[in-house]
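Beneath this line is the structure, given in structure tokens, with notes to follow.
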Amino acid sequence: MTIMPRPAQAAAANFVEHLETLERDRADEVWLVVAGDPEDRSRETRHTYGQFAERVRAMAARLQQEADPGDRALIMLENDDHYAVAMLACFHAGVVAVPAFPPESTRPQHLARLAGIAADAGARIVVCMRAIAAGVRDSGVFGTALLIEADAVDARLSGAWRRHVPAEGDIAFLQYTSGSTSAPKGVMVSHGNLMANERAIQERMSIGPQDKFVCWSPLYHDMGLIGGLLQPLYRGIGLVLTSPRYFLERPSRWLELISRHRATISGGPDFAYRLCLERAKDSQLANLDLSSWRVAYTGAEPVRSDTMAAFSQKFSVAGFDAGAIYACFGLAEATLMATGGHRGAGMLARGYETASLERGRARHDVRGRSLVACGQAPEGHEIRIADPDGGALREAGQVGEIWLTGPSVAQGYWNNAEATRDAFVLHEGRRWLRTGDLGFQDEGELYVTGRIKDLIILRGHNLYPQDIEQAVELGVPAVRKGRVAAFAVEGPAGEGVGLAAEISRGMRKDWTADRLVRAMAEAASGVIAAPPSVVVLLNPGAMPKTSSGKLQRQACRQGWLAGSLDAYAVFENGEFRFGGEPQADAVAPQGAVEEALAGLWAEALDWPANRPPRRDMHFFVAGGNSLAAVRAAALIEAHWDLAFPLATLFESPRLVDCAARVQALLDAPRSPRRPALSASDADAPAQARNALSAAQERLWFMQVLQPHSTANHVALGLDIEGELDMGALRAALDALVARHEILRTAFVGDADGTPRAEVLAFAEARPRDVLLRDVADAGDAERMQAIQQAGQLNLRPFDLALAPLLRMALLRLEPARHRLVLVLHHLIADGHTINVLLGEMARLYAGAPEAPAPGQLQYRHYVAWQRRWLDDSARTAQRDYWTRRLGDAHPTLALSTDRPRLPTADYRPAECVRILPAAQVAALRAHAAKYDTTLPMVLLAALQVLLYRHTGLHDIRVGMPVAGRHVAGAALLPGLFVNTLVIDGSIGGQIGLDGVLEAVRAAAIGAHENQDLPFDELVQHLNPPRSLMHAPLFQVLFNHLQEDLREFEKLTGVRATPFHVAAATAQFELTVETRERPDGEVTVRLIYAEQLFAPQAMARFAEHYAAVLDAYAHAPRQRVREVVVLGEPERERLARWGAQPQALETGFTHHLIESQAARRGDAVALVYEGRAVSYADLNARANRLAHRLIGLGVGPDVTVGVALPRSVIT
């Protein structure tokens, strides 16, 4: 059969109209094949132009429901058809796409880049998959951005798409060149730029209708997106798309796809070809046919002639033609391609004298440095070799900065005018892009020699040295701040990263060179996903710097190369050149799993046989990077025949920890049950069954006074991944209620108003308010309705007379995805109870005996213990302590509010969430250890410092709940044990941060020793001034929690991720909740009164809190007044406000107040004794009084005497 070539297509104006044309003319033709299914890697899915276009319109319609044209959408998807659909949907909706990637895990170093990109872009939408949506949402790093689950969009929405055709100048997407701790830079690529570059690629590569692409490059990278995905669509030819992981697990898969699909065009950075050289076995070559491969493009990082020559030689037996090698040069600021060679010409490599190149002149020398020609500029574009200092044209053969002009040159950097001015310059009447790269032209060909800018390119990805330096400074307390430099180095395996750091002589006593190198490598690996190739430890003052104090990274690099740096130790490519000490305390792997894992790691890392792995070996410090991690995960899966998520290696990078994770996956051993507990109150009298604890009595009275309140609910939300027997979990809940009397307790009032607890039989108290729904096969509307129903459980009040005071919802959203919501009244549970019940529910689910053990302790025994323990002597002693501690004056902590306080403290809650990275938490723990205290005490001390800085009050009092389970036998009992303590602090600006911590430690120790006196009894005893506007004794609550779902996950065989269940009422004006997570991070959640504080104000408060914590981690000897809490953007904003002249209003005072009431009626006009009055209220009160005086005959020049006490009225 003869296949006739398709006629050439007319140039497309944009991808929206172009896809419409393809759908109209070729709807049933397959254009996209997705290979490498994660469940069945041999399966491939095919997508026609018509199917693809329909999905694009559906996603575009979904975007239009939530966003306006010009809004930004962060695309956080895997390399598959969902990514392609999302990108084209953004074009169709007029939304600016922000190509990104799904995080390896939700740890801060993996979310930092994404959070930085989203914040800089102002992303309104985040597009991700359902599998990670819950974890992303709970991380809180994307603020108020809306999550759209790409795999939940119904194709039937396509009919709702409102047609949008972009203009040439509209921004198509933001291509971020960085996105972590340094300021990320988003390149603005317009639709005109995009189409111009696609035409350029087609022209330079001579792409025709019979070509077919294979692409594995990441679609968040310009090479994968513009070259690999959009070029085939632009030309209307076939594409086989797979993921980087599919390729990296076994690089020969890339070649197999080319062979099987007879692809003609494919490529990648230099490291991809090198991986094929290293990993593809000779035995595999016989099954490959690479004769169809016509363009093997290589770029994105320096093109190495030795790599490509070796690749050609090795794979020539499989039909690879050396003429297919196609070197090119490009960058995001040029959309993608800047120059390219001629199809079929192969690689042109020439030798140049190294010394001459360093002097700026290219001289031929066959024994010199081999450089590969990168071709010429496309039609309509021009390359210029310019003097970096003035832009003057350099002659052929002279080295200079590479400049580019033409329609592919991007619009600039998003919201970064300074960087745009620096890189996009007007010269001789034309707009040029300064690439920052050095090169020259020889016989019309471009040769790239190096970079002016400090940017480091590793495996085709841009790394900014500031990111790496900050990670090292944060993670290694021994290095001197501002004395860390990162730079590019060349090694045997290609380009790597070098680090230099000044170390004080005092630090060397505790930090050996070996320990420093390992710590710096571990810190840096979170940013570069690989260990540094070089670490130079410098003596104090040895870091090259300018006269203004700026780091000279290139001078540092040159000093390392020349050996001229004042260094006391140098570590290169896995070993010390000098200055290192042997590690004496190395421990070998222990047990079969650790030993086997060590062997697999050694294989993945190409670990030297003469260096046995250590038990504390850190995968990334030992030489691992993202490529090696993929290989290690694949080896582990093959060795043990289990599913081993790649994220697990990032979460547990030490050998001993990773082995424990593997062991848990293998057999999930149960934790041994704790021995039976006992207490002297085990045989409490029967009448104690009806008694309430002191805390229960307080809550009962509060609920009776406000029967519709939901403020005293305790709720848990879990998103669960894995198979789950819903009926078995329901049975476990029933068994819990049967075992524990407190879960079957109703609360009623006697005739005289005295509360009484009544324990019901299980038959009367079996949980009724239980929602079990399987909506895995339901439509989106029904699924959303079920999720909303579950969320409503926490918003309905309980009837205290109807036991049990608990509710549960369990939804099956997908076959292996569930949502659990558990809500209990505070009368029968506290925060620790949730952990107790969850663990016990898991044990019951796993088959533990359901019947209560004979003589099992119940909550009533605690009630009897409390009543007997707090006899007159104990009560008096604890009252005396608190009286001495808190005194007679009880100041109100009145935070500045954005709106007036209400007459009664009945507020809706809102939240602001911030994640403290594990490295920062580790530094805070280390600081706490120096003072023999704990992490929560440091967090509380920082809060007190911040409250002082915000209010100016010296007497700062914060409420803090304590578990109240210090009595033997209470640890595993459900019930209300919690008590609230008052932690006071006397703070002034001259006190050091460490002094505040010592004071908090002392206050906390004393408070814990006197924690048995119920808080309500303490309030009655101290009798502070009462107000319905705020709580007594304290107005801000600090609550520290620990998250540990390991037992639940282990016994149920699932993976659980907590999410916050929305509440209806805020108990305090501000609650600062800190939650320790198993991954070492801490979640800070500010729960605040929505009617009082604006979200922006709480976001600033969270930023200020993080700044104080950073000071505790790195400069704890600072005075309180010296801590810089304002971030740079906030200081700049204040400076701008202060620089603007303000016209002063003139006129009578009451006219000014009337003016403010008309413009800003809700704004606070005055505050007295904690009571705030708005301008509108003040004006209305004044008008009423004025009219009353007028009615009495008062007029101009009439004297009115005022004899009133100081108050709001006066």
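In terms of the numbering used here, the sequence shown opens at residue -1 and continues consecutively. In this text, a Cβ means the ideal position worked out from N, Cα and C, and glycines have one as well.
Worksheet entry | Residue ranges of each alpha helix (DSSP H) within the segment 744 to 772, 4 or longer | Unbroken alpha helix (DSSP H) runs of no fewer than 4 residues, entirely contained in the segment 744 to 772, are found at 760 to 763, following chain order.
Worksheet item: Can you tell me the Cα-Cα spacing of residue 260 and residue 632, whole angstroms?
Response: To locate residue 260, count along the sequence shown from 1; it is residue 262. To locate residue 632, count along the sequence shown from 1; it is residue 634. Computed Cα separation, rounded: 27 Å.
Worksheet item: From residue 788 to residue 906, what does the alpha carbon distance come to, in whole angstroms?
Response: Translated into the one-based positions of the sequence shown, residue 788 becomes position 790. Translated into the one-based positions of the sequence shown, residue 906 becomes position 908. Answer to the nearest angstrom: the Cα atoms are 20 Å apart.
Fill in: Buried/exposed call for residue 1195, threshold 16 Cβ in 10 Å
Residue 1195 sits at position 1197 when you count from the first residue of the sequence shown. In the assembly as shown, residue 1195 is an exposed residue. Its beta-carbon has fewer than 16 other beta-carbons within 10 Å.
Practice prompt. Please name the residue or residues paired with residue 907 in a DSSP beta bridge.
Written response: For the purposes of this step, residue 907 is taken as the residue at position 909 of the sequence shown. In DSSP, residue 907 forms a bridge with 1087.
Item to complete: Note down the Cα distance separating residue 962 from residue 55, rounded to an integer number of angstroms.
Response: Sequence index remark: in the sequence shown, residue 962 carries index 964 (1-based). Sequence index remark: in the sequence shown, residue 55 carries index 57 (1-based). For residue 962 and residue 55, the distance between alpha carbons rounds to 57 Å.
Fill in: Bridge partner(s) assigned by DSSP for residue 959
Translated into the one-based positions of the sequence shown, residue 959 becomes position 961. The beta-bridge partner set that DSSP reports for residue 959 consists of 978.
Item to complete: Provide the residue span of the beta strand (DSSP E) that contains residue 806, from first to last.
Response: Translated into positions along the sequence shown, residue 806 becomes position 808. Where residue 806 is concerned, the enclosing beta strand (DSSP E) stretches over 804 to 812.
Discussion item. Quick check: the Cα distance between residue 728 and residue 783, rounded to an integer number of angstroms?
Written reply: Looking up residue 728 in the sequence shown gives position 730. Looking up residue 783 in the sequence shown gives position 785. If I take the Cα positions, the gap works out to 21 Å.
Worksheet item: Whose CA, out of 1074, 321 and 129, lies closest to the CA of residue 1043?
Response: As a working note, residue 1043 is residue 1045 in the sequence shown. The shortest C-alpha separation from residue 1043 is found at 1074.
Fill in: Pick from 739, 696 and 703 that is closest to residue 688, judged by C-alpha positions
For the purposes of this step, residue 688 is taken as residue 690 along the sequence shown, with counting starting at 1. Among 739, 696 and 703, the Cα nearest to that of residue 688 is on 739.
Worksheet item: Measuring CB to CB, does residue 1084 end up less than 8 Å from residue 998?
Response: For the purposes of this step, residue 1084 is taken as the residue at position 1086 of the sequence shown. For the purposes of this step, residue 998 is taken as the residue at position 1000 of the sequence shown. Going by C-beta atoms, residue 1084 is not nearer than 8 Å to residue 998.
Worksheet item: How close, in whole Å, do the beta carbons of residue 730 and residue 806 come, if the pair is a contact with beta carbons under 8 Å?
Response: As a first step, residue 730 must be located in the sequence shown, where it is residue number 732. As a first step, residue 806 must be located in the sequence shown, where it is residue number 808. The pair is not a contact, with the Cβ atoms about 10 Å apart (cut-off 8 Å).
Fill in: Whole-angstrom distance between residue 164 and residue 36, CA atom to CA atom
Here residue 36 refers to the residue found at position 38 when the sequence shown is read from its first residue. Here residue 164 refers to the residue found at position 166 when the sequence shown is read from its first residue. Low confidence applies to residue 36: its pLDDT is 45, below 50, so where it sits in the model is not reliable enough to give any reading.
Worksheet item: Helix, strand or coil for residue 854 per DSSP?
Response: For this step, residue 854 is matched to residue 856 along the sequence shown. Under the three-state reduction of DSSP output, residue 854 falls in the coil class, being neither helix nor strand.
Worksheet item: Pick from 348, 825, 357 and 376: whose alpha carbon is nearest that of residue 365?
Response: One-based indexing of the sequence shown puts residue 365 at position 367. Comparing Cα positions, the closest option is 348.
Worksheet item: In this structure, what does DSSP give as the bridge partners for residue 401?
Response: If you number the sequence shown from 1, residue 401 lands on position 403. Beta-bridge analysis with DSSP links residue 401 to 382 and 432.
Worksheet item: Is it the case that the Cβ atoms of residue 147 and residue 128 are separated by a distance below 8 Å?
Response: Here residue 147 corresponds to residue number 149 of the sequence shown, with the count starting at 1. Here residue 128 corresponds to residue number 130 of the sequence shown, with the count starting at 1. Taking the C-beta atoms as reference points, residue 128 is found nearer than 8 Å to residue 147.
Discussion item. On the DSSP bridge list, what partners appear for residue 335?
Written reply: If you number the sequence shown from 1, residue 335 lands on position 337. For residue 335, which the question treats as bridged, DSSP gives the partners 328.
Discussion item. In this structure, how does DSSP classify residue 150 when only helix, strand and coil are distinguished?
Written reply: As a position in the sequence shown, residue 150 is number 152, starting the count at 1. Correct three-state label for residue 150: helix.
Fill in: Burial state of residue 1131, where buried means 16 or more other Cβ atoms lie within 10 Å
Counting from one through the sequence shown, the residue named residue 1131 turns up at place 1133. Taking every protein chain shown into account, the CB of residue 1131 has fewer than 16 other CB atoms within 10 angstroms, so this residue is exposed.
Discussion item. Please classify residue 173 as buried or exposed, where buried requires at least 16 neighbouring CB atoms within 10 angstroms.
Written reply: Locating residue 173 in the sequence shown gives position 175, where the first residue counts as 1. By the beta-carbon neighbour count (other beta carbons within 10 angstroms, threshold 16), residue 173 is buried.
Item to complete: For residue 1204, name the three-state secondary structure that DSSP assigns.
Response: Sequence index remark: in the sequence shown, residue 1204 carries index 1206 (1-based). Residue state, collapsed to three classes: coil.
Practice prompt. Can you give me the Cβ contacts of residue 771 inside the same chain, cut-off strictly under 6 Å, excluding the 5 residues immediately before and after it?
Written response: Mapped onto the sequence shown, residue 771 falls at position 773. Here the set comprises 784 and 809.
Discussion item. Less than 8 Å between C-beta atoms, sequence neighbours within five positions excluded: which residues of the same chain meet that for residue 681?
Written reply: Taking the first residue of the sequence shown as 1, we reach residue 681 at position 683. Low per-residue confidence applies at residue 681: pLDDT is 49, beneath 50, and the placement is therefore not dependable enough to give any value.
Worksheet item: From residue 124 to residue 73, what distance separates their C-alpha atoms?
Response: In the sequence shown, counting from the first residue as 1, residue 124 sits at position 126. In the sequence shown, counting from the first residue as 1, residue 73 sits at position 75. Looking at the two C-alpha atoms, the distance is approximately 6 Å.
Fill in: Candidates 370, 476 and 480, of which the one nearest residue 464 by Cα
Mapped onto the sequence shown, residue 464 falls at position 466. When only C-alpha atoms are compared, the closest one is 480.
Worksheet entry | Straight-line gap, residue 879 to residue 1008 (C-alpha atoms, nearest Å) | Counting from one through the sequence shown, the residue named residue 879 turns up at place 881. Counting from one through the sequence shown, the residue named residue 1008 turns up at place 1010. CA-CA distance, residue 879 to residue 1008, rounds to 7 Å.
Practice prompt. Mark residue 649 as exposed unless 16 or more other C-beta atoms lie within 10 angstroms of its C-beta, in which case mark it buried.
Written response: The count along the sequence shown starts at 1 and reaches residue 649 at position 651. Buried is the call here.
Worksheet item: Tell me which same chain residues have a C-beta within less than 6 Å of the C-beta of residue 394, skipping the five on either side of it?
Response: The residue labelled residue 394 in the question sits at position 396 within the sequence shown. Answer for residue 394: 439, listed in chain order.
Discussion item. Please give the ranges of any beta strand (DSSP E) in the segment 11 to 87, keeping only runs that are unbroken, at least 3 residues long and fully inside the region.
Written reply: Here the runs fully enclosed are 28 to 33, 42 to 46 and 70 to 73.
Worksheet item: Leaving out the 5 sequence neighbours to the left and right, which residues in its chain are closer than 7 Å to residue 654 when beta-carbon positions are compared?
Response: Reading the sequence shown from its first residue, position 656 is the one you call residue 654. Only 592, 613 and 614 meet the Cβ criterion.
Discussion item. Give me, in chain order, the residues of the same chain whose beta-carbon lies closer than 8 Å to that of residue 943; leave out the 5 immediate sequence neighbours on both sides.
Written reply: Within the sequence shown, residue 943 is the residue found at index 945, counting from 1. So the list reads 985, 991, 994, 1106, 1118 and 1121, once near-sequence residues are dropped.
Worksheet item: Around the Cβ of residue 576, are there at least 16 other Cβ atoms within 10 angstroms (buried) or fewer (exposed)?
Response: Counting from 1 along the sequence shown, the entry for residue 576 is found at position 578. Note on residue 576: under 16 other CB atoms within 10 angstroms of its CB, so exposed under the neighbour-count rule.
Fill in: Straight-line Cα distance separating residue 445 from residue 390
Along the sequence shown, read from residue 1 onward, the residue named residue 390 stands at position 392. Along the sequence shown, read from residue 1 onward, the residue named residue 445 stands at position 447. Near 19 Å, if we compare the C-alpha coordinates of residue 445 and residue 390.
Item to complete: Give a yes or no on contact between the segment 1000 to 1015 and the segment 791 to 800, applying the rule of three or more CB pairs nearer than 8 Å.
Response: As far as the Cβ criterion goes, the segment 1000 to 1015 does not touch the segment 791 to 800, which means the pair count is below three.
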